[in-house]
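Working notes for the structure below.
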Amino acid sequence: MSPKSLAIAIVVFIGVVIASNSIYIVKETERAVLLQFGALDRADIKPGLHFKIPFVHQVRKFDARVLTFDARPERFLTVEKKGMMVDSFAKWRIRDVNTYYTSTNGDELRAETLLAQRINEGLRNQFAQRSLLEVVSGERDQLMTDLTNALNEFTNSSLGIEVVDVRVKRIDLPDDVSESVFRRMTSEREREAREHRAKGREQAEVIQADADRQKAVIEAEAYRDAEFLRGEGDAKAAAIYAEAYNQDPEFYSFLRSLRAYKETFKGRGDLLLVDPESEFFRYLNDPNGVQKN
Numbered sequence: 519m520s521p522k523s524l525a526i527a528i529v530v531f532i533g534v535v536i537a538s539n540s541i542y543i544v545k546e547t548e549r550a551v552l553l554q555f556g557a558l559d560r561a562d563i564k565p566g567l568h569f570k571i572p573f574v575h576q577v578r579k580f581d582a583r584v585l586t587f588d589a590r591p592e593r594f595l596t597v598e599k600k601g602m603m604v605d606s607f608a609k610w611r612i613r614d615v616n617t618y619y620t621s622t623n624g625d626e627l628r629a630e631t632l633l634a635q636r637i638n639e640g641l642r643n644q645f646a647q648r649s650l651l652e653v654v655s656g657e658r659d660q661l662m663t664d665l666t667n668a669l670n671e672f673t674n675s676s677l678g679i680e681v682v683d684v685r686v687k688r689i690d691l692p693d694d695v696s697e698s699v700f701r702r703m704t705s706e707r708e709r710e711a712r713e714h715r716a717k718g719r720e721q722a723e724v725i726q727a728d729a730d731r732q733k734a735v736i737e738a739e740a741y742r743d744a745e746f747l748r749g750e751g752d753a754k755a756a757a758i759y760a761e762a763y764n765q766d767p768e769f770y771s772f773l774r775s776l777r778a779y780k781e782t783f784k785g786r787g788d789l790l791l792v793d794p795e796s797e798f799f800r801y802l803n804d805p806n807g808v809q810k811n
């Protein structure tokens, strides 16, 4: 290779090196700061293609996505001074790159260490204000919400971090504490069950009383209607009998006599002493029913 070609190759190589050190890219999932001789020059560089001065500027990039911090289990005391082992985790992300870099030097491990201290302190304060039953079953969601809000008041301004959420994965209780908690929870559930049963019995009695009342009303109305219809029928029957009797009184008088004879002499052992000239033997003595004087 000639000296001229070698010189051109060296110049091209130097140009490529300078260009590669002058251009940097910030992704959508990253946050970045620009340092000049180690001092902060530009904070919160937007995603995209950017330029810098080689050997003068240095770029520090940080993950801008929501990160998960899994805390170590810690022992906390409730308001009754009962201890429990609490295993928790937190979701966080960078909110202010300038504050984050200044307070943690851009070290994610240091940021999580500082965050863990605040989470443990917040959990300790929150647990100390609540009973064991409230922590285990009653107010855990409210506890986490209060803790998240309290953490953000500090981390936003001091660490440049936003705490998205804090959750308790597991709470382990000592055997004696667990037994007392379970007994209290069992008695509480039994009390609620008794209340539901009592309300059910009360509603059942109300429904039964209403059904009995409706039954009595329906039966009374049905009996009233039946008596009314029966009375109308009896009245119509009596009217029909009266009208028929008036058409031929002698025939119906004879018919009544036959019925009377039938009812009187239907038993073989019956004995009757009657005057033969009485009205009873009117049609037996004379087919025309003429009564002798």
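Here the working numbering is used: the first residue of the sequence shown is 519, the next is one more, and so on. Beta carbons are placed, not taken as given, at the ideal position from N, Cα and C, and that holds for glycine.
Burial state of residue i, where buried means 16 or more other Cβ atoms lie within 10 Å
{"i": "LYS570", "result": "buried"}
{"i": "SER675", "result": "exposed"}
{"i": "VAL724", "result": "exposed"}
{"i": "ARG636", "result": "buried"}
{"i": "VAL574", "result": "exposed"}
{"i": "PHE665", "result": "Reading off the sequence shown, one finds Leu at residue 665, where the question assumed Phe. Flag for LEU665 reads buried."}
{"i": "ALA762", "result": "exposed"}
{"i": "ALA711", "result": "exposed"}
{"i": "LEU669", "result": "buried"}
{"i": "SER540", "result": "exposed"}
{"i": "SER621", "result": "buried"}
Within 9 Å, strictly: CB atoms of residue i and residue j
{"i": "ARG549", "j": "PHE594", "result": "no"}
{"i": "VAL604", "j": "ILE689", "result": "yes"}
{"i": "VAL681", "j": "LEU633", "result": "yes"}
{"i": "GLU592", "j": "ARG642", "result": "yes"}
{"i": "ASP559", "j": "LEU553", "result": "yes"}
{"i": "PHE607", "j": "ASP588", "result": "yes"}
{"i": "GLU546", "j": "PRO521", "result": "no"}
Residue range of the alpha helix (DSSP H) that includes residue i
{"i": "GLN644", "result": "626-646"}
{"i": "THR547", "result": "Note, THR547: premise wrong, no alpha helix (DSSP H); not H, not E."}
{"i": "SER821", "result": "Shown here, the chain extends from 519 to 811; a query on residue 821 therefore has no answer."}
Length of the line joining the Cα atoms of residue i and residue j
{"i": "PRO767", "j": "GLY749", "result": "25 Å"}
{"i": "PRO572", "j": "LEU585", "result": "32 Å"}
{"i": "VAL735", "j": "ARG702", "result": "49 Å"}
{"i": "PHE672", "j": "GLU639", "result": "12 Å"}
{"i": "GLY601", "j": "GLN576", "result": "49 Å"}
{"i": "THR663", "j": "ALA629", "result": "21 Å"}
{"i": "GLY718", "j": "GLN660", "result": "32 Å"}
{"i": "ARG685", "j": "ILE563", "result": "32 Å"}
{"i": "GLN721", "j": "ASP743", "result": "33 Å"}
{"i": "ARG578", "j": "ILE543", "result": "11 Å"}
{"i": "LEU627", "j": "PHE555", "result": "24 Å"}
{"i": "SER698", "j": "SER705", "result": "11 Å"}
{"i": "ASN623", "j": "ALA557", "result": "11 Å"}
{"i": "ALA727", "j": "LYS733", "result": "10 Å"}
{"i": "ARG709", "j": "LEU650", "result": "19 Å"}
{"i": "ALA729", "j": "ALA740", "result": "16 Å"}
{"i": "LYS780", "j": "LYS754", "result": "27 Å"}
{"i": "TRP610", "j": "ASN667", "result": "13 Å"}
{"i": "PHE746", "j": "ALA757", "result": "16 Å"}
Cβ-based neighbour list, residue i, same chain, cut-off 7 Å, excluding 5 preceding and 5 following
{"i": "PHE645", "result": "PHE594, LEU595, THR596, VAL653"}
{"i": "ILE612", "result": "ARG549, PHE580, ALA582, TYR618, GLY678, ILE679"}
{"i": "ALA648", "result": "Here the sequence assigns Arg to residue 648, which means Ala is not the residue at that position. Taken in chain order, the residues that qualify are THR596, VAL597, GLU657, LEU661."}
Beta strand (DSSP E) segment containing residue i, residue limits
{"i": "ASP664", "result": "Premise fails: ASP664 lies in the alpha helix (DSSP H), 658-676, not in any beta strand (DSSP E)."}
{"i": "VAL686", "result": "679-690"}
{"i": "VAL604", "result": "601-612"}
{"i": "GLY556", "result": "Segment: none, GLY556 is in no beta strand (DSSP E) and carries neither H nor E."}
Close-in-space but distant-in-sequence residues of the same chain around residue i (CB under 8 Å, 5 per side omitted)
{"i": "GLU713", "result": "none"}
Same chain, Cβ closer than 6 Å to residue i, neighbours up to 5 away in sequence not counted
{"i": "ASP561", "result": "The sequence shown places Ala at residue 561, not Asp. Taken in chain order, the residues that qualify are VAL551, VAL615, ASN616."}
Minimum Cβ-Cβ distance from residue i to chain D less than 9 Å
{"i": "SER649", "result": "Although the question refers to chain D, the structure presented lacks it and comprises just one protein chain."}
Closer than 8 Å: residue i CB and nearest the ligand GTP heavy atom
{"i": "ASP559", "result": "This structure simply doesn't include the ligand GTP, nor any ligand for that matter."}
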